[in-house]
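Asks: In my numbering, the protein residues as written are 685 to 1084. Beta carbons: idealized from backbone N, C-alpha and C, even for Gly. Here the structure is a predicted model, which means the values were calculated and not measured. Got a structure for you, written out below as structure tokens; questions coming shortly.
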């Protein structure tokens, strides 16, 4: 039986230190050879790993070898601190907490190494460089992108005041309130118009919309229609006011925009019609030219309001629904079908009634393209701007 001998504590300490030195030296040489072999392949400088080689050669406290450990802040804690986005904090060797995490060095991204703490245990994960690690790498990079909570995502960046104006003015609290003067002035001008041989002169689209109410309530039908139209508008505006207040200055900008679009509509539609038909023909407005100024103004305002409500909001919306539900089309084919057919019906509508325009191919194609223009404008700018653009366009035509 072998006999055990007791080694003095001082001698044992010297032996252990010597062994550590030898192991550290071997580690330094092995690591140096690896870096010399693979450093240039990975585009890494050997000087970057000098610190790592020293740390392998001289092992010490584990907490000091790990420069920092990422601790994810729970979402509840982040929200409580007023930070809507997840963040990561650094816990250094002296247990100090740093809010800003450094970006990973190139070798960290190349090796795909990650360190995390789970229940007090240090878990080191190495991603396979040849596959399977893409998701972890994206998550690792996303953690650094989320460290700037005040910077919006690139897809959600607003293009300044113009972007905010473009978005807000399509909301009901702006769009419907902007169209309200058209309704008020049209109704006021209609009440003072003399009764003609065919009865009270009204906009053709207004007469079509009032038809079901007249059939239901007789002579009170127009009043019932106006009450229902006003009630729906008030309800939509009141509901939308919960999302934000109204800035009156924007209505002036919307009016200028509508006037510019009305002029643009005349130029674009005329050029497109001439390009298709090869010639320019003056538009004939039938008996409209014989009417008084207030009557023509009333009809122009009514056309902007009620024709957009009838042909864009109701007709184009209904045709798009038919294309999707009955024909099973996708959004784009159903939308193209609704816009083109709705524009054709809109153009043909101007040749119906006692004050209809005389038939002409040029005027039909012209109004067909105008219907496409107003449909596109309605989809991009909403009801208010489209109604005012149509009304001002008619004013320019009738008084030009």
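How is residue 1021 classed by DSSP in three states: helix, strand or coil?
Replies: Of the three classes helix, strand and coil, the one that applies to residue 1021 here is helix, per DSSP.
Asks: Residue range of the alpha helix (DSSP H) that residue 852 falls in?
Replies: That run of the alpha helix (DSSP H) goes 844-852.
Asks: Identify whether residue 1068 lies in helix, strand or coil by the three-state DSSP scheme.
Replies: The answer is helix: DSSP assigns residue 1068 an H, G or I state.
Asks: In this structure, how does DSSP classify residue 959 when only helix, strand and coil are distinguished?
Replies: It is helical.
Asks: Judging by CA-CA distance, which residue of 986, 1051, 1068 is the nearest neighbour of residue 850?
Replies: The residue with the shortest Cα to Cα distance from residue 850 is 1068.
Asks: Helix, strand or coil for residue 1038? Go by DSSP, reduced to three states.
Replies: Coil at residue 1038, not helix or strand.
Asks: Grab the span of the alpha helix (DSSP H) containing residue 884 for me, first residue to last.
Replies: Looking at the DSSP string, residue 884 is not in any alpha helix (DSSP H), and its letter there is neither H nor E.
Asks: The alpha helix (DSSP H) that contains residue 924, what's its start and end?
Replies: Looking at the DSSP string, the run of the alpha helix (DSSP H) that includes residue 924 is 905-924.
Asks: I'd like to know whether the C-beta atoms of residue 870 and residue 1037 end up nearer to each other than 8 Å.
Replies: Contact: no.
Asks: Run through DSSP, which three-state label would residue 986 get?
Replies: If DSSP states are grouped into helix, strand and coil, residue 986 belongs with the helices.
Asks: DSSP three-state label for residue 855, please.
Replies: If DSSP states are grouped into helix, strand and coil, residue 855 belongs with coil.
Asks: Closest by CA to residue 916, which one among 936, 1004, 993?
Replies: Per the Cα distances, 993.
Asks: Sort 991, 962, 873 by Cα distance to residue 1114 and report the nearest one.
Replies: In the structure displayed, the chain extends from 685 to 1084; residue 1114 sits before or after that span and is not available.
Asks: Quick one, which of 909, 931, 912 has its alpha-carbon nearest residue 852's?
Replies: Minimum Cα distance to residue 852 is reached at 931.
Asks: Closer than 7 Å by C-beta to residue 935: which residues in its own chain qualify, once you throw out the five before and the five after it? Chain order, please.
Replies: These residues qualify, in order along the chain: 862.
Asks: Helix, strand or coil for residue 927? Go by DSSP, reduced to three states.
Replies: Looking at residue 927 - three-state DSSP - the assignment turns out to be coil, as it is neither helix nor strand.
Asks: DSSP three-state label for residue 865, please.
Replies: Helix, per DSSP.
Asks: Short check: CB of residue 1064 to CB of residue 942, under 8 Å?
Replies: Their beta carbons are not under 8 Å apart, which means residue 1064 does not touch residue 942 by this criterion.
Asks: Grab the span of the alpha helix (DSSP H) containing residue 1001 for me, first residue to last.
Replies: Unbroken alpha helix (DSSP H) run through residue 1001: 1001-1009.
Asks: Here's the rule I'm using: 16 or more other beta-carbon atoms within 10 Å means buried, otherwise exposed. How should residue 988 be labelled?
Replies: It counts as buried.
Asks: Can you grab the Cα-Cα spacing for the pair residue 860 / residue 975, in whole Å?
Replies: Cα to Cα, the separation comes out at about 30 Å.
Asks: Taking DSSP as the reference, what is the three-state secondary structure of residue 902?
Replies: Correct three-state label for residue 902: helix.
Asks: Spatial neighbours of residue 1008 within its chain, please: C-beta separation below 6 Å, excluding the five flanking residues on both sides.
Replies: Once the five neighbours on either side are set aside, the close Cβ partners of residue 1008 are 1018.
Asks: Measure the alpha-carbon distance for residue 929 versus residue 997 and round it to whole angstroms.
Replies: Residue 929 and residue 997: Cα-Cα distance of roughly 25 Å.
Asks: Which whole-angstrom value is the C-beta distance of residue 984 and residue 890, which I expect to be below 8 Å?
Replies: With 8 Å as the limit, residue 984 and residue 890 do not qualify as a contact, their Cβ atoms being about 13 Å apart.
Asks: Restricting to Cα atoms, I'd like to know which of 1042, 1027, 1081, 1046 is closest to residue 1061.
Replies: The shortest C-alpha separation from residue 1061 is found at 1027.
Asks: Under the assumption that residue 1023 contacts residue 1056 (Cβ atoms under 8 Å), give the Cβ distance between them as a whole number of angstroms.
Replies: About 6 Å separates the two Cβ atoms, so the contact holds.
Asks: What residues in its chain sit with their C-beta under 7 Å from that of residue 952, if we drop five residues either side in the sequence?
Replies: 1057.
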